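Novice:
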Amino acid sequence: MGQGDVPTAGTAAPGTAYREITKSPKPSSAEITTDNAAPSEYRQLYLNPRANEVDGPFCTNVVITSKYTVWSFLPKFTVESFAKLANAYFLVVSALQCIPAISNTNGIPSSLPVLLFILAVDGTLAIIEDRRRHLADEEANSAKCNVVNRSTGALETILWSALQVGQIVKLDNRGTAPADLLILAVHEVDVDHKAGICYVETKSLDGETNLKLRQAMESTLEVQTEAEVSALHGRVECEQPNKAISRFAGSFFVDQHDGYIANHPISIKNILLRGCQLRNTEWMYGLVLNTGPDTKIMQSSAKPVAKWSSINGQVNRMIQWLLLLLVLLCAGSATAYVFWDNTFNAYACATAVPPTCYLSLETNSAVQRWFVGFGQYFLLMYQIIPVSLYVTISTVMFLQAIFMSWDLDMYFEELDVRMIVRTMGLNEELGQISYVFSDKTGTLTCNVMEFRKCSINGVSYGLGTTEIAALKRKGLPVPEVPVSKKGAKVPYVNFEDPRLHQKLTAIPLNSSTNWTNEAEFFLHLAICHTVIPEQATDKHGDAVLRYSASSPDEQALVSAAKFFGFAFESRGLGVARVRVTNKSLQQDASASSELWEFKVLDVLEFNSDRKRMSCVVQDPNGAFMLLTKGADNVITPLLANDNDADVVAATLEQLQTFADDGLRTLTIAKKVIPTAYYHQWTKRYKAACASLDQIDKRKNGHPNDIDACMVEMEQDLVLLGATAIEDKLQDNVPRAIARLMEAGMKVWVLTGDKQETAINIAYACQLMDNDMMQYVFNLDEYPDLASLRASLALCVADLDQVEITRRSLVIDGDALEMVMADTDDACAMFLKVAMECASVVCCRVSPSQKAEVVGLVRANNVKARTLAIGDGANDVAMIQRAHVGVGICGMEGMQAVNSSDYAIGQFYFLEKLLLHHGRLNYVRMSKLVGYMFYKNIILVLAQYFFLFTTGSSGQKEYSEVAFQLYNLAFTSLPIGVLGVFDYDVPWAVGQLYPALYKVGISGDLFNTLVLFKWISASIFEAGVIFAVAVFGFNQRELGAGSGDLQQYGIVLFALV
């Protein structure tokens, strides 16, 4: 259940007895510009402004997502490129090569062409990527839209880029909103009963494909022509531009014919955001509120925080170590060089008369000669840091990503989804994961809900069996589930129990004024929801009614109501229409069905804090009632004292049984509202909803009148019953989790479900079993912090018992909140216990708590790599907080995928992604990085050792061409091929031995010790190459070491 898409407070049809339009006298022009001016924290604009009314200033509707322009590319790219340590290092080398005193290339910067080549490759990739952005910007800015000309009142076509705040746009069916629009009016099918309802698709904004309902402002929905729209005059006060795509706050003031001003609150239900598409509606008029960078889609398009793999961090540290080594080697050589000069006069050639030396002693000071020698050796040895390091790593990661995305074992045919690599820089990080944090619904389960059971008036209905979790818990094998031969009569319903059908058919005839609890229960399900009905055709061409819902739970509940004869058919402005097929409830029993119309007066929407949703409705007989549904721990305290205690106890016991079967539960309640009280309450509620001050307080989590009114209304409820919905496990989930745990990973499940449901799903997933020591924490068992601390202290003591080898922990959101608030004591003990457990289940947790748990583990175990996987918007914070985020393409839109580093179609694909691709990428990159340093250290040190035989003169041994090609051609291709294609065992073998993955968790293949092993090997081998070159190569008639300098250079290079 998510945020509702039904009419909000005060949206009933005009003219009804219960509707009151908030009005105030029309102010003078002076009052508008002074006393009534919007506070600076609010945005103010005018609808068809008059001469003395000035908008703005506001930004244009030009959208620029590109990074560079023709003029800014060179300076921007240059700054970005040389912000990288390696590029800056080789730029310094090129500059030093131009200094004659130390240059060994005759003052020519020989490393500059290589650096420029690398920068050219990076620059080309940057241009290609940015060109895509330029083309997308050009396409968006050059699109056309229709606006109402303020002067003539006629339609005119302009470019999106020319659109301005305050203009009125006419959007046609399937048209895309060019800016954030306030919906003024829509095309009405029934002009005599205008509803102001339209439908929108928000796929480009949040990835959800289900249609959402939007409504025109009540004070302007009557207008149907350009002339009528041009005649309107009003003012909007709304929030400043922000990135919250699920909410909008403001007030709309419109001049009335009687000289008063109508004031209505603006919510997200009255807004069509840029990028959304108008559907199933011929046209609509919209007032432009935000343009260009101020629109919510642009405000929310900020780049995510960059993630770096652990190997990248280790590479940077290695470069620092090698720079230190380079400085020490250069300093030692420069010192030897000065020492040799100082002893020059002792040589026989220098003491002969006349001197016979072919060299002359330099006259410069020792300090000057030391710095010259240091510079000469620096330029001889600068390639101890490989110039091709980053290019090689990037190329290998790019090719790894391509082959990973081509893996057919990770292709999900049902949704036509392949594995997507969104952050290739984390490929080897997949081979080092220690903790996996997983959502449950839609991640471990299918997120395709089926109505299975219910409890009404204390009686449990539903004979369908859901024994998978119970059998797993007992350690018994799971039998194959027989397929029903009947097939479901209604999609998303799998219910069998003739008793309930008999109860509904046994209602006395024409009892619509005295409904039974069973009838009220399903009528509640048919009205209190956010579902949108759509007329469609099936494969036979017959008209069918389909439900479009943002929540699969609600889709199942509304389908269940239809299954039992209460079919939600359509909705209008503040109206829900239900077709009743139960003859006993119909006024005319001879009719095949009756269409009942309920006025939806107020909707108290669901959010993660309230954990419930309510609707105030007026039935066809004029009675007011409140319909509420939500979590049992939230609804139970709101029940009236005069509820039947036995019924309440029986319902709560049945809720426990449903949860034990792994079912998702909701509690259903209602109450009758006295007419006089409702009129008094709705005035206060609407006034609070129209107050920007109260809206701002609510947005910031402060006490406010809006929440106070909601809480006041949702008291003294009458319990109707409870629902139980099944969400089946995805394919191969238990096998995948078992292998991940066998590989050494610890799996944490973070879910908003009840504790019992979460535990039983954990058993079904093989995340928990009866051989584990289980620690369970909730406020029912431990109602205060002191008892939680005491229990956690006992658990910490248990950690010393060596006979307990496997542990699991379960904690609910309330207990977790209390524990994390006590950072000094309880939180530390919880973390100590949790990190020793093989599995952890956190239930009843909010999206923010999910992210906090991931952050807690990251902060207290710095070396551990974390992975978060989820499929919905409530998982985005968790995915972004983890080292690696994986999104599942599922039923809850694309928010998780769009925020992830990798995207897959099913949870069990994670098994191959980590245990095969991740492990191999880690092994490959460990070899690649170590080898890249090893090969350059050998090259440099072989020459370094040889130069001590030349009086530490700093003479160059290698050919400059060969020296530069060594990195770019001779050594890069072989290691690049290894980095992409090397593997030790195929997946057919690797999946049988998950323990092969453990070397990545422990980091055995790449760490500081491994680096020094590579360095030690290169030093030893460079020494061997030096000895072979000096003593193994010689001209026939001359002594050892008397060959030509270039000849020794060729021998050294060949041996390297």
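Letter 178 of the sequence shown, counting from 1, is numbered 178 in full-length UniProt numbering, and no numbers are missing.
Backbone N, C-alpha and C fix where the C-beta goes; we use that ideal spot for every residue, glycine too.
These numbers were taken from a predicted model, which means no experiment stands behind them.
(1) Can you name the residues that DSSP bridges to residue 264?
(2) Just mark residue 595 as buried or exposed, buried being the case when its beta carbon has 16 or more other beta carbons within 10 Å.
(3) Between the region 988-996 and the region 427-447, do three or more beta carbon pairs fall short of 8 Å?
(4) Once DSSP output is grouped into helix, strand and coil, what is the label at residue 781?
(5) Leaving aside the five residues before and after residue 736 along the sequence, list all residues of the same chain whose C-beta is less than 7 Å from its C-beta, in chain order.
(6) Rounded to the nearest angstrom, what separates residue 1060 and residue 726 at their Cα positions?
(7) Terminal residues of the continuous beta strand (DSSP E) containing residue 276?
(8) Is residue 704 closer than 7 Å to residue 694 when the C-beta atoms are compared?
(9) Taking its Cβ as the centre, do 16 or more other Cβ atoms sit within 10 Å of residue 748, making it buried, or is it exposed?
(10) On a CA-only basis, which of 217, 946, 182, 180 is nearest residue 195? Give me that one, please.
(11) Which residues bound the alpha helix (DSSP H) around residue 922?
(12) If you reduce the DSSP assignment to three classes, tell me which class residue 446 lands in.
(13) Indicate whether residue 928 and residue 1003 have their beta-carbon atoms separated by less than 7 Å.
(14) Helix, strand or coil, according to DSSP, for residue 851 in the structure here?
(15) Would you kindly work out how many angstroms separate the C-alpha atoms of residue 743 and residue 724, rounded to a whole number?
(16) Just list the residues that DSSP pairs residue 159 with in beta bridges.
(17) Output needed for residue 947: all residues of its chain with C-beta closer than 6 Å, excluding positions within five of it in sequence on either side, in chain order.
(18) Give me the residue from 227, 445, 582 with the minimum Cα distance to residue 155.
(19) In this structure, what does DSSP give as the bridge partners for residue 812?
(20) Among 700, 692, 687, which has the Cα closest to the Cα of residue 710?
(21) Contact between the region 310-324 and the region 928-944 is defined here as three or more beta-carbon pairs at a separation below 8 Å; is this criterion met?
(22) Is the region 184-195 close to the region 107-114, with three or more CB pairs under 8 Å?
(23) When DSSP labels each residue in this structure, what does residue 191 get in the three-state scheme?
(24) Please classify residue 368: is it buried, with 16 or more other beta-carbons within 10 angstroms of its beta-carbon, or exposed?
(25) Below 7 Å between beta carbons: does that hold for residue 690 and residue 251?
(26) Report buried or exposed for residue 276, applying the criterion of at least 16 other Cβ atoms within 10 angstroms of its Cβ.
(27) Where does residue 817 fall in DSSP's three states?
(28) Would you tell me roughly how many angstroms separate the C-alpha atoms of residue 922 and residue 721, rounded to the nearest one?
(29) CA-CA distance, residue 666 and residue 630?
(30) Answer yes or no: do residue 763 and residue 795 have a C-beta to C-beta separation smaller than 7 Å?
(31) Is the region 168-183 touching the region 279-289, taking contact as three or more C-beta pairs under 8 Å?
(32) Between residue 456 and residue 507, what straight-line distance do the alpha-carbon atoms span, to the nearest angstrom?
(33) Does the beta-carbon of residue 198 have 16 or more other beta-carbons within 10 angstroms, so that it is buried, or is it exposed?
(34) Beta carbon of residue 914, beta carbon of residue 983: below 7 Å?
(35) Could I get the ranges of all uninterrupted alpha helix (DSSP H) runs contained in the region 527-595, with 4 residues as the minimum, in chain order?
(36) Give, in chain order, every unbroken run of the alpha helix (DSSP H) that is at least 4 residues long and sits entirely within the UniProt domain "P-type ATPase N-terminal" (46-108).
Specialist: On the basis of the supplied data:
(1) In the sequence shown, the residue the question calls residue 264 occupies position 264. In the DSSP output, where bridge partners are listed per residue, residue 264 has 252.
(2) As a first step, residue 595 must be located in the sequence shown, where it is residue number 595. Exposed.
(3) no
(4) Reading the sequence shown from its first residue, position 781 is the one you call residue 781. Here residue 781 sits in coil by DSSP.
(5) Taking the first residue of the sequence shown as 1, we reach residue 736 at position 736. Here residue 736 has 907, 908, 910, 911 as same chain residues with Cβ atoms under 7 Å from its own Cβ, once five neighbours each way along the sequence are excluded.
(6) No answer is possible for residue 1060: it lies beyond the span of the chain, which begins at 1 and ends at 1056.
(7) As a first step, residue 276 must be located in the sequence shown, where it is residue number 276. No beta strand (DSSP E) contains residue 276, which DSSP labels as neither H nor E.
(8) As a first step, residue 694 must be located in the sequence shown, where it is residue number 694. As a first step, residue 704 must be located in the sequence shown, where it is residue number 704. Their beta carbons are under 7 Å apart, which means residue 694 touches residue 704 by this criterion.
(9) Residue 748 sits at position 748 when you count from the first residue of the sequence shown. Residue 748 comes out buried.
(10) On the sequence shown, residue 195 is found 195 positions in, with the first residue counted as 1. Per the C-alpha coordinates, the member of 217, 946, 182, 180 positioned closest to residue 195 is 217.
(11) As a first step, residue 922 is located in the sequence shown; it is residue number 922 there, counting from the start. From DSSP, the alpha helix (DSSP H) with residue 922 extends over 919-947.
(12) The count along the sequence shown starts at 1 and reaches residue 446 at position 446. DSSP places residue 446 in coil when its eight states are reduced to three.
(13) Sequence index remark: in the sequence shown, residue 928 carries index 928 (1-based). Sequence index remark: in the sequence shown, residue 1003 carries index 1003 (1-based). It is not a contact, given that the beta carbons lie outside the stated cut-off.
(14) In the sequence shown, the residue the question calls residue 851 occupies position 851. Residue state, collapsed to three classes: helix.
(15) Residue 743 sits at position 743 when you count from the first residue of the sequence shown. Residue 724 sits at position 724 when you count from the first residue of the sequence shown. Distance between the alpha carbons of residue 743 and residue 724: 36 Å.
(16) Here the question's residue 159 lines up with position 159 in the sequence shown. Residue pairing by DSSP places residue 159 opposite 144 in a beta bridge.
(17) Reading the sequence shown from its first residue, position 947 is the one you call residue 947. Cβ neighbours of residue 947 beyond the five flanking positions: none.
(18) Numbered from its first residue, the sequence shown carries residue 155 at position 155. Looking at the Cα atoms, 227 is the closest of the given residues.
(19) Looking up residue 812 in the sequence shown gives position 812. Bridge partners of residue 812: 843.
(20) Working through the sequence shown from its first residue, we reach residue 710 at position 710. Among 700, 692, 687, the Cα nearest to that of residue 710 belongs to 687.
(21) Segments in contact, yes.
(22) no
(23) Taking the sequence shown and counting its residues from 1, the one referred to as residue 191 is at position 191. Residue 191 falls in the coil class under three-state DSSP.
(24) In the sequence shown, the residue the question calls residue 368 occupies position 368. The residue in question, residue 368, is exposed, as its Cβ has fewer than 16 Cβ neighbours within 10 Å.
(25) Looking up residue 690 in the sequence shown gives position 690. Looking up residue 251 in the sequence shown gives position 251. Yes, they are a contact pair.
(26) The residue given as residue 276 occupies position 276 in the sequence shown. That one is buried.
(27) Taking the first residue of the sequence shown as position 1, residue 817 is located at position 817. In this structure, residue 817 counts as helix in the three-state DSSP scheme.
(28) Counting from one through the sequence shown, the residue named residue 922 turns up at place 922. Counting from one through the sequence shown, the residue named residue 721 turns up at place 721. Near 54 Å, if we compare the C-alpha coordinates of residue 721 and residue 922.
(29) Within the sequence shown, the letter at position 666 stands for residue 666. Within the sequence shown, the letter at position 630 stands for residue 630. The alpha-carbon atoms of residue 666 and residue 630 are separated by roughly 5 Å.
(30) The count along the sequence shown starts at 1 and reaches residue 763 at position 763. The count along the sequence shown starts at 1 and reaches residue 795 at position 795. No. Outside cutoff.
(31) A contact exists between the region 168-183 and the region 279-289.
(32) As a first step, residue 456 is located in the sequence shown; it is residue number 456 there, counting from the start. As a first step, residue 507 is located in the sequence shown; it is residue number 507 there, counting from the start. Going by the C-alpha atoms only, they are around 15 Å apart.
(33) Start at 1 with the first residue of the sequence shown, and residue 198 comes out as number 198. Buried, since its Cβ has 16 or more Cβ neighbours within 10 Å.
(34) Here residue 914 refers to the residue found at position 914 when the sequence shown is read from its first residue. Here residue 983 refers to the residue found at position 983 when the sequence shown is read from its first residue. Not in contact: residue 914 and residue 983 (Cβ atoms no closer than 7 Å).
(35) Within the region 527-595, the complete alpha helix (DSSP H) runs of at least 4 residues fall at 552-563.
(36) 73-82, 85-96
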